[in-house]
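Engineer:
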Amino acid sequence: MNLIIVESPTKARTISKFLGKNFKVKSSFGHIRDLPQKEMGVDIENNFQPKYVVNKKAREKVNPLKDEMKKAASVILATDEDREGEAIAWHLSEILKLNPEEKNRIVFHEITKKAIEEALENPRQLDFHLIDAQQARRILDRLVGYELSPLLWKKIKRGLSAGRVQSIALRIICEREREIEKFKKEEYWTISADLETKFPSGNLVSKFEANLIEKNGKKIEEVATLKLFAGEYRSKKSVIKNEKEALEIKSELEKAAFKVSEIQKKETRRTPPPPFTTSTLQQAAINSLGFSAKQTMMIAQKLYEQGHITYMRTDSTSLSLPSLLAARKTIEKLFGKNYALESPRFYKTRSKGAQEAHEAIRPTRPDISPDELNGSLDANQHRLYRLIWRRMVACQMQPAVLNSVRVLIDAKGSSLTTESEVRDKKNNYIFQANGSTIKFDGYLKVYGEKLPVTENLLPPLKEKEALDLAEAKASQKETMPPPRYTEASLVKVLEENGIGRPSTYAPTISTIFDRKYIDKNEERRLFPLEIGFLVNDLLVEHFPQIVDMAFTATLEEDFDQIAEGRKEWVPVIREFYQPFHKNLEGKTKEIKKENILEKLDKKCPECGGDLLVRFGRFGKFIACNNFPKCKYTEKTTEEKKVEDENSGEVCPECGAPMVVKRGKYGAFLGCSKYPDCKGIKKITSDKTTGVKCPKCQNGEILERRSRKGRLFYGCSAYPKCDFSLWNRPTGKTCEKCGSLMVYQMKGEEKCSNKECK
């Protein structure tokens with residue numbers, strides 16, 4: 183019997199289906215050895231040698247593996263193909279005392295019968311370059327976290343953390359918030375015209391809208407480019423700055439003569455996006471499915487382990503030739519030969535450090551459509567598989583072909599009386615109207631934005647044709663600040679700047695949420711909380727290298743070079759650690775709490791010391807700066823206001839009003855007669871939207887969370903009324919059907935009734 187060891191039970195079960203009785207597949211249940219939790223576990227004086235330990239939970243898994251090993255003719259390590267997987271294989275090899283010279287390591291990027299059989303035919307030795315790269319990252323992150331986090335505990339509050347990637351992610355969000363605060367909105371106006379052809383043709387449209395693009399030879403639209411911390415932001419505005427100027431133009435146009443000056447027709451082709459990498463899968467799942475980065479990776483992990491998709495941690499857009507040929511057959515079968523390519527389309531991987539030997543994320547069998555897996559996947563797994571399947575199939579389909587037309591229209595003011603005025607382009611306006619029709623939908627049939635068959639359909643027009651003005655319109659607008667990041671756009675900016683790797687994006691974002699550094703609003707956009715600002719500002723001022731994007735990206739490149747065998751890991755760690763540790767020692771003495779925390783204008787009533795706003799387990803409170811000598815504390819004004827506030831609830835014990843209290847496990851309702859009465863109640867976490875339930879007309883729509891943590895909106899009268907929505911209601915009703923209007927992801931509104939068009 184041959185023993186194969188993998189990380190997860192699901193993966194073990196899937197592989198077992200493909201192998202005969204000569205093989206037994208067992209799981210290690212993840213890492214069996216790691217750095218200790220209660221000490222640093224790195225011998226700095228001995229070339230940063232790590233001290234690995236097998237924790238109690240892992241020890242329970244090791245002994246059964248050793249027992250199975252005694253019965254086996256050979257042991258094969260089949261952990262994941264990335265650096266983390268190679269490290270797990272090495273730890274297993276060490277614990278089980280396998281021969282490091284033996285070829286007992288197999289890798290594959292999809293769990294299929296063919297892939298497993300090919301891997302078994304081509305075993306190799308452990309790759310110590312990959313192991314060193316993983317070990318270098320793990321040790322460096324331990325050094326930063328274990329030495330820097332205690333400083334945050336002393337200077338701000340316990341339970342905080344800092345790290346190379348998480349602190350950069352936090353800084354990106356904090357910097358954007360300040361960029362938004364500094365942004366000064368500018369008023370501007372746009373001008374449009376509803377125009378009508380003098381020669382309407384049958385049932386075809388006769389009226390259309392055109393926008394002013396030029397006045398007296400000068401472009402109306404301006405593009406302002408702002409240089410921001412993590413890139414550039416371009417905002418469009420108009421040269422028309424105020425209402426007076428806009429109304430003057432509108433008045434002139436109402437007297438002007440409109441004539442078609444030029445008609446430009448062209449055929450445009452849209453090519454499909456490349457297959458998914460880890461980063462682009464997370465972005466697409468966040469934007470179109472409403473998943474978080476962490477949730478996306480958890481679901482993708484299950485799909486991989488069940489054998490439905492290829493390995494989900496990758497930055498490559500390459501696809502194997504067999505998968506390309508399978509995709510072509512699927513396209514021809516489902517959509518027809520005219521949708522398939524004559525020869526496969528190949529994509530070049532652009533990500534730094536990408537490994538071309540790896541593949542993009544794709545279905546292991548493109549011929550299995552999402553509908554065929556309806557019974558074997560849960561709802562979220564099915565949604566993610568469908569997204570991956572469509573993207574992979576689409577990338578091998580023909581481009582979409584659109585017929586587009588651009589019409590330029592001259593509007594000459596009535597005051598143009600002389601040749602010189604015409605030549606000088608005084609009171610001369612140029613409008614533009616665009617329209618398009620889909621000639622061939624190509625890949626859009628299966629993936630991408632669902633374009634209307636026609637967009638801004640224009641009537642048949644001829645050059646030099648005169649047009650009638652139905653209405654001239656002046657619209658007031660204002661420049662908008664750069665948007666807050668979503669999880670998707672944060673992942674994108676991290677990848678673009680070489681921060682982290684596919685395996686780090688989801689846990690990084692999850693960590694800064696868990697530390698209460700950031701939160702998200704109703705549009706799922708990220709913003710920093712007060713504690714996040716404090717931590718970021720301390721790091722930026724005192725440890726700028728840790729939160730420097732270029733420096734962090736350089737470290738990632740160092741890890742890549744270690745993985746390729748072009749650098750040794752110990753010098754990389756030493757070069758970073760020595761200046762970092764020296765700076766940390768100095769800053770521990772230099773940084774004073776009173777310089778970080780908010781200082782009040784009043785003194786401690788007990789010792790005369792300064793009063794500071796501090797952060798504790800239960801939130802903010804006021805304390806003396808002479809702590810622990812002086813232990814004076816009091817509640818902040820906000821906390822006093824909350825605790826004094828009548829909750830509107832009645833005590834179940836004595837009937838007295840209940841007020842908001844805070845305890846070890848958060849806020850709760852307590853009797854206002856405490857300590858004479860100790861009645862308490864839980865505070866429900868449901869937030870009101872202020873919208874009346876349209877179904878029962880009695881309840882109110884509340885913000886709630888499902889058992890799996892997904893946000894939804896339901897009636898307060900539940901279970902008597904089961905009305906619910908996934909999107910937040912706006913409070914308005916649809917003009918067509920009367921259903922509630924809800925917010926979409928980008929703040930746009932839509933009808934909640936799916937049948938309403």
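Under this note's numbering, the first residue of the sequence shown carries the number 183, and numbering increases by one thereafter. Just so you know, even glycine gets a beta-carbon here, dropped at the ideal spot from N, CA and C. Remember, predicted model here, so these are calculated numbers, not experimental data.
Between Lys465 and Met479, what straight-line distance do the alpha-carbon atoms span, to the nearest angstrom?
Structural biologist: A small fix is needed here, since residue 465 is Gln in this sequence, not Lys. Rounded to whole angstroms, Gln465 to Met479 spans 11 Å at the Cα level.
Engineer: Determine the extent of the alpha helix (DSSP H) in which Tyr328 is found, giving its start and end residues.
Structural biologist: 310-337
Engineer: Count the other CB atoms within 10 Å of the CB of Ser597; is the residue buried (16 or more) or exposed (fewer)?
Structural biologist: Residue confidence for Ser597 is low, a pLDDT of 46 falling below 50, so the modelled location carries little weight; the figure read from the coordinates is stated next. Looking at its Cβ environment, which holds fewer than 16 other Cβ atoms inside 10 Å, Ser597 is exposed.
Engineer: If you follow the alpha helix (DSSP H) that Gln465 is in, where does it begin and where does it stop?
Structural biologist: 460-466
Engineer: Ile445: which of Phe809, Pro641, Ala838 sits nearest, CA to CA?
Structural biologist: Pro641
Engineer: Check Met479 in the structure and name its three-state DSSP category.
Structural biologist: helix
Engineer: Ordered along the chain, which non-local residues of its own chain (more than five positions away) have a Cβ less than 8 Å from that of Ser256?
Structural biologist: Asn184, Leu185, Asn286
Engineer: Compare the beta carbon distance of Thr294 and Gln488 with 8 Å and say whether it is the shorter of the two.
Structural biologist: no
Engineer: Is Pro454 buried or exposed, if buried means 16 or more other CB atoms sit within 10 Å of its CB?
Structural biologist: buried
Engineer: Below 8 Å, can you find three or more Cβ-Cβ pairs linking the segment 662-678 to the segment 355-366?
Structural biologist: Cβ pair count under 8 Å is three or more, so yes.
Engineer: Specify, as a first and last residue, the run of the alpha helix (DSSP H) that Cys356 falls within.
Structural biologist: 346-364
Engineer: Just to confirm the assignment: which complete beta strand (DSSP E) runs, minimum length 3, are found wholly within the segment 639-699?
Structural biologist: Here the runs fully enclosed are 648-660.
Engineer: What do you reckon, are the CB atoms on Leu716 and Ile338 nearer than 8 Å?
Structural biologist: yes
Engineer: Do the segment 675-687 and the segment 430-442 make contact, defined as three or more Cβ pairs closer than 8 Å?
Structural biologist: no
Engineer: Here's the rule: buried if 16 or more other CB atoms are within 10 angstroms of the residue's CB, otherwise exposed. What is Cys919?
Structural biologist: exposed
Engineer: Inspect the CB distances between the segment 893-908 and the segment 868-883 and report whether three or more fall short of 8 Å.
Structural biologist: yes
Engineer: Just curious, the beta strand (DSSP E) that Leu716 is in, first and last residue?
Structural biologist: Element bounds for Leu716: not the beta strand (DSSP E) but the alpha helix (DSSP H), 712-724.
Engineer: Below 8 Å CB to CB, which residues in the same chain sit around Lys621 once its five sequence neighbours on both sides are set aside?
Structural biologist: Correct list, in chain order: Glu449, Val583, Leu584, Asn585.
Engineer: In angstroms, rounded to a whole number, what distance separates the CA positions of Glu541 and Lys511?
Structural biologist: 20 Å
Engineer: When you compare the segment 203-221 with the segment 244-254, are there three or more beta-carbon pairs, one atom per stretch, that lie closer than 8 Å?
Structural biologist: yes
Engineer: Could you check the C-alpha separation between Leu676 and Val832 for me, to the nearest Å?
Structural biologist: A straight line joining the alpha-carbon of Leu676 with that of Val832 spans about 50 Å.
Engineer: Taking the alpha-carbon positions, what's the Ser371 to His763 distance?
Structural biologist: Reading the sequence as shown, one finds Trp at residue 371 and not Ser. Those two C-alpha atoms are separated by around 56 Å.
Engineer: For Arg588, which beta-bridge partners are listed by DSSP?
Structural biologist: The partner list for Arg588 (beta bridge, DSSP) reads Gln446, Asn616.
Engineer: Among Glu369, Lys698, Tyr900, which has the Cα closest to the Cα of Ser420?
Structural biologist: Glu369
Engineer: Assuming contact is defined by CB atoms lying nearer than 8 Å, are Leu643 and Val442 in contact in what I supplied?
Structural biologist: yes
Engineer: To which residues of the same chain is Asn808 closer than 6 Å at the C-beta, ignoring the five residues directly before and after it?
Structural biologist: Cys789, Gly791
Engineer: As a quick exercise: from Gln879, Lys484, Pro526, Ala194, pick the residue whose alpha carbon is nearest that of Val575.
Structural biologist: Pro526
Engineer: Does DSSP put Glu816 in a helix, a strand or coil?
Structural biologist: strand
Engineer: Applying the criterion that 16 or more other CB atoms from any shown protein chain within 10 Å of the CB defines a buried residue, is Leu507 buried or exposed?
Structural biologist: Exposed: under 16 other Cβ atoms inside 10 Å.
Engineer: Of all the CB atoms in chain B, is at least one closer than 8 Å to the CB of Ile681?
Structural biologist: Checking the listed chains, one finds no chain B in this structure; it contains a single protein chain.
Engineer: Going by C-alpha distance, which of Lys698, Val326, Glu283, Gln317 is nearest Gln307?
Structural biologist: Glu283
Engineer: Going by the beta-carbon positions, is the gap between Leu471 and Arg547 smaller than 8 Å?
Structural biologist: Between Leu471 and Arg547, the gap from beta carbon to beta carbon reaches 8 Å or more.
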